[in-house]
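So the sequence shown is numbered by the working numbering: it starts at 9 and just counts up by one.
C-beta atoms are modelled at their ideal positions from N, C-alpha and C, and glycine is treated no differently.
The structure presented is a predicted model; accordingly, all values stated were derived computationally and were not measured.
Below you'll find the structure, written out as structure tokens, and then a few comments.
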Amino acid sequence: MSLNIKDPEADRLARELAGLMGETITQTVTVSLRERLRREGGRSPLSLKDEIMEISRRCAALPRRTGSAADDIIGYDERGLPT
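Below you can see the structure in the form of structure tokens.
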């Protein structure tokens, strides 16, 4: 079997990574594809929805911004003394 890469950037990236890793281009492509499949394979639209909902819950739990100046929040006056 063969894989024919006709995209110059893909070829360059594969060669660069193979050189960095001390692997053949075939090894580099195989490892890269396995890693991507492992990373993406477990995802489903439901898990993405769950992730988004978790982010939403964390954001909702953050304190609300009041628009007060930092000095007012900290409790110091214009001379830097506690109020």
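By the DSSP assignment, the alpha helix (DSSP H) with E63 in it spans what residues?
Per the sequence shown, residue 63 should be read as Ile rather than Glu. It spans P53 to A69 - the alpha helix (DSSP H) in which I63 sits, taken as one unbroken run.
Which same chain residues end up closer than 8 Å to I33 when comparing Cβ atoms and leaving out the 5 residues on each side of it in sequence?
A22, R23 and A26
Contacts around K14, its chain only, beta-carbon distance under 6 Å, and the 5 residues preceding and following it disregarded
none
Range covered by the alpha helix (DSSP H) that runs through P16
P16 to M29
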